[in-house]
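Chains as they are written, first to last, in our numbering: chain A, 1 to 394; chain B, 1 to 797. Glycine residues also receive a C-beta, built at the ideal position from the N, C-alpha and C atoms. Note that the coordinates shown come from a computational prediction; the quantities given were computed from them, not determined experimentally. Take a look at the structure set out below.
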């Protein structure tokens, strides 16, 4: 019900018609115009009967009783709202009585007014209480109605994933970035000079056998390792040099579970004054522990690479059995993960760096192998098949 | 390199278990790849003699043998056809085990008790190389006398271990039993027992029997020869055959076996010629004549060229120097006189020849790594000694030794502190000298320097780094303390490009795409599969000279075929949705034939199919990416026709007016080439164009203080009118106050004339400094409507 501006509005009074039927809690109350309260309220009876005053008081008490009973029966907010209008609204029972007070003798007005106000305040309070209770109930009801099956599947939002090789590469990058390395890159189609000769592998050197090479021309090939980038970086940057070089490499191996003609390496190179083999071990040990967990142990075995001297291979304690010996590590407790060594003086010279002043170490690891090791993937071909059911596992 | 342990033990004292030996060798640089126990799984199998053979009462194909196994005589039933009385055979006793986990027990065969089993070669896990006749169908008949009851493993030389070594290319000296023995003696701190080589005085004079002319001393620094007369060619003794077989070399006859035995033992390849077939009894070491031919020992005719070194007589080539002998002078049963060759050839030449002819022989593998010039003569004497010891012939007195190479000792002067500097150790000169001495280096300490005489078999030692490695590997790599670099602090960081790349991938993954990794070489036929038939449109490609196959013979110029293959594979496997991307280079030759490295242009390629995938899905993804890179505002999508794509659902992607990629639905015919029936969406963008123009800088714009005014606009335009045209027209006319333009509905059909479409836009106006009045907005809006009418013939709906 719209509530107009406060104040006396004769027009609206005139429009009132009665008798009025009001529904309250299922009971119909017939309010007669002849009743004293109405007579007073509408001020259409000019002849105020003084003696009616006690009667008016009783009337107020009556309204209050009626109201209490009605209120008790109310069980929804809509009825409560109607109830409020019926008693306390502009044309409500109590309001009308108060309006009619002007006809009372001045000395009686405070008494009746006070009573009416008490009743009004009382009803306001009761309505408010009731409203809170009903609102609480209504909310509870709504919550009960809204119960859903929380075990039903959620609405799917698609998010893809990085390839496992790059997930692991990102880890490797983070580890070395944390140790102050930068990331360099080099071309995949490379000069024979950078791939072999500058790395101390001249033409007709037997070490070329271990890297079966795809040739594009006599002097251009698909790089067989990421090491050529060592020379490229040395040529353009003075020491100190601290880089890793991730990249794709090629060897003409037939495909099987452990061989792929295309695979990925991460090369490392550090050159500065007074770099030692102890530093090489230290850095790679930190790497291994970060990569495979703090319990990881490393061991270094002598090996041979033409571009490093001394050269080493690094094993880590088996990531599956922890070193006790299992199928994964062929019962040795160790897994070979990278080759490394002190940069060969000839290689430094090829890079334009004086081996008398500077020394350095280099290392190279197979990203595919480390990825497979980390996730327990047993076939390198899976990395290149890109079956979604494979990719979504990482 | 395979080395039987017993052979090794002749030259070094080994007191530790074989596993420990292997570990020590591995940790000092001689990597043991594996240990094989010969006769593994064989137990309780002994030598027995068949005394009597009787027919089986109940079976035609079985016989009953009485076998003497020393301690007793046993009745054994066998079905083998080759047994005869008096033969020595392997007898598996009751409770014996055989390789493969078989267990032999006394049993009854067709009613006759059999107390064991006569064994075939195969049942013992043997091949003809292990023992002649091991592969015949039937029982293994032993050809020599052995005590009855002797363990068969001992009789056949199977009571041994064979170590398999990975010998790196710098250590050809370790391609020999003696070389390994030397390393083992240092690794175990035990004593090395060099072979005692002594040739008894021979008959006659070698110079009267043969001549050697070396025409190319550069390619043949030393050639030594001996002559042996009255050769009796026959099988070599069992022990020698056993050792050769264990080391992986097939026994042939005593002469050839001796040359192979010396090669395995000393590391020096040797060859024997039938001297009577050498014309002029003269060895000529020369380059082959262009087009000359030689049939090698493997019966293949080889076409020679002038950069190959041959061993010839006065008429013809008789061997490929250091690679393989010729069939024309091969040792045969009838050979009477031989010339034994022990020589040193240039490593590069040998390798080139072997490679050119596709031969990898034990000899060439050693020569190409660089051998010891001193060992040439020693090995020849060792062979002569063995011939004498085995009575294989009469050694003629004297050696022909044509030596042009230097026999001088190699001396290095090393600042020994530098060794510590490289290793991060603090060893004294004496400690280093001690290690080097054990490795047969002779060391003299002169203050800051060390004067080191390098043993002649260590061709690989050139300078301080090599000396450092020798010291380190014997001192123990694992005894070097771990340190972290001192000196300049460096900061590790990614470049702008690297960071942007991470961001690009992150955004793509966020839009639901999986990253894939595919091969970067592909088939030259991919362009056909992509529907590109116009030769003008087929790019120049980088070709691999020696590809694994035609299908992998060119470097890719686009990633689209690779990704379509991935989609196809997933589709074939019943996967309903496949949304992928890859970042990788296209290889673009600057000219052909290739004279410079090709350009490696990184491409970002996206491909997808799935239930709700269409052009706008992929375009949305690309827009998200462009927005992230701050490039959305300058991006244009221009309708485009390309044979790979659907002619009506394809756009060129332009950035700042420059073509940077393509986006669209794959042409159904192309999709069919990849067995894809559904709609396939592909975008390929030049990554560098994105990264170079990316705007990473972000500036805060104050949030609006004044309300926006929304107006909708429903237009009817010709069907050909593009959304981009409408939008740019609206924006142009709307000016600064037009904040947002959103197309929310496109409709064709009832109430819209044929050839027209309805487009509904929601426009939002706002000023940053005041609340716009209705009049302002109305006038702007009317202006836009009029403009659309004039420029695009649009009508309000």
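- With fewer than 16 other Cβ atoms from the protein chains shown falling within 10 Å of its own Cβ, residue 391 of chain B counts as exposed.
- Listed in chain order, the beta strand (DSSP E) runs fully inside the segment 434–477 of chain B are 442–446, 449–454, counting runs of at least 3 residues.
- For residue 568 of chain B, the uninterrupted alpha helix (DSSP H) segment begins and ends at 560–572.
- Within the segment 472–486 of chain B, the residues whose Cβ lies closer than 8 Å to some Cβ of chain A are 472, 473, 477, 478, 480, 481, 482, 483, 484, 485, 486, listed in chain order.
- The three-state reading of DSSP puts residue 206 of chain B in helix, counting H, G and I together.
- Restricting attention to A:100, A:227, A:175, the CA atom closest to the CA of residue 194 of chain A is found in A:227.
- The CB of residue 281 of chain A comes closer than 9 Å to the CB of 424, 477, 478, 480, 481, 482, 483 in chain B, given here in chain order.
- Under a 10 Å Cβ-count criterion, residue 105 of chain B is classified as exposed, with fewer than 16 other Cβ atoms of the shown protein chains found around its own Cβ.
- Taken through DSSP and simplified to helix, strand or coil, residue 682 of chain B comes out as strand.
- A residue is called buried once 16 or more other Cβ atoms fall within 10 Å of its Cβ, and residue 191 of chain A is buried on that count.
- Residue 44 of chain B sits in a strand when the DSSP states are folded into three classes.
- Closer than 9 Å to the CB of residue 117 of chain A there is not a single CB belonging to chain B.
- In the DSSP annotation of this structure, the continuous segment of the beta strand (DSSP E) that includes residue 338 of chain B starts and ends at 338–344.
- For residue 156 of chain B, there is no enclosing beta strand (DSSP E), as DSSP gives it neither H nor E.
- Interface annotation for the segment 157–170 of chain A against chain B: 158, 159, 160, 161, 162, 163, 165, 166, criterion Cβ-Cβ distance under 7 Å.
- Around the Cβ of residue 7 of chain B, a 10 Å sphere holds 16 or more other Cβ atoms; the residue is buried.
- Look at the segment 256–293 of chain B and you find these whole runs of beta strand (DSSP E), each 3 residues long or longer: 270–274, 282–287.
- Under the 8 Å Cβ criterion, the segment 433–441 of chain B does not count as touching the segment 150–159 of chain B, having fewer than three qualifying pairs.
- Residue ranges of uninterrupted alpha helix (DSSP H) with 4 or more members, entirely inside the segment 49–121 of chain A and ordered along the chain, are 52–73, 77–88, 93–99.
- Judged by beta-carbon spacing, residue 245 of chain A lies within the 9 Å limit of residue 184 of chain A, meaning their Cβ atoms are closer than that value.
- Counting the other CB atoms within 10 Å of its CB gives residue 770 of chain B a total below 16, which places it among the exposed residues.
- In the DSSP assignment, the residues bridged to residue 102 of chain B are B:98.
- Neighbours of residue 215 of chain A in chain B, taken as residues whose beta carbon is under 9 Å from its own, are 544, 545, 546 in chain order.
- Scanning chain A for C-beta atoms nearer than 8 Å to the C-beta of residue 493 of chain B yields 177, 182, reported in chain order.
- Within the DSSP bridge table, the entry for residue 223 of chain B names B:343, B:402 as partners.
- For residue 278 of chain A, the closest C-alpha among the options B:651, B:444, B:423 is that of B:423.
- Under the 9 Å criterion on CB atoms, residue 372 of chain A is classed as non-interfacial with respect to chain B.
- By the neighbour-count criterion, in which a residue is buried when 16 or more other Cβ atoms sit within 10 angstroms of its Cβ, residue 641 of chain B is exposed.
- By the Cβ criterion, the segment 221–234 of chain B is in contact with the segment 403–412 of chain B, since at least three pairs of Cβ atoms, one from each stretch, lie closer than 8 Å.
- Identification of residues in the segment 254–279 of chain A having a C-beta nearer than 9 Å to some C-beta of chain B yields 254, 255, 260, 261, 262, 264, 270, 272, 273, 274, 275, 276, 277, 278, 279, given in sequence order.
- The beta carbon of residue 514 of chain B falls within 9 Å of a beta carbon belonging to chain A, placing the residue at that interface.
- In the three-state reduction of the DSSP assignment, residue 350 of chain A falls in the helix class, which pools H, G and I.
- Within its own chain, the residues whose Cβ lies closer than 7 Å to the Cβ of residue 296 of chain A, once the five positions on either side in sequence are excluded, are 288, 289, 316, 317, listed in chain order.
- Collapsing the DSSP output to three states places residue 68 of chain B in a strand.
- Under the criterion of beta carbons closer than 8 Å, residue 765 of chain B and residue 738 of chain B qualify as touching, at roughly 6 Å.
- Within chain B, not a single residue places a beta-carbon under 9 Å from that of residue 79 of chain A; the smallest gap is close to 40 Å.
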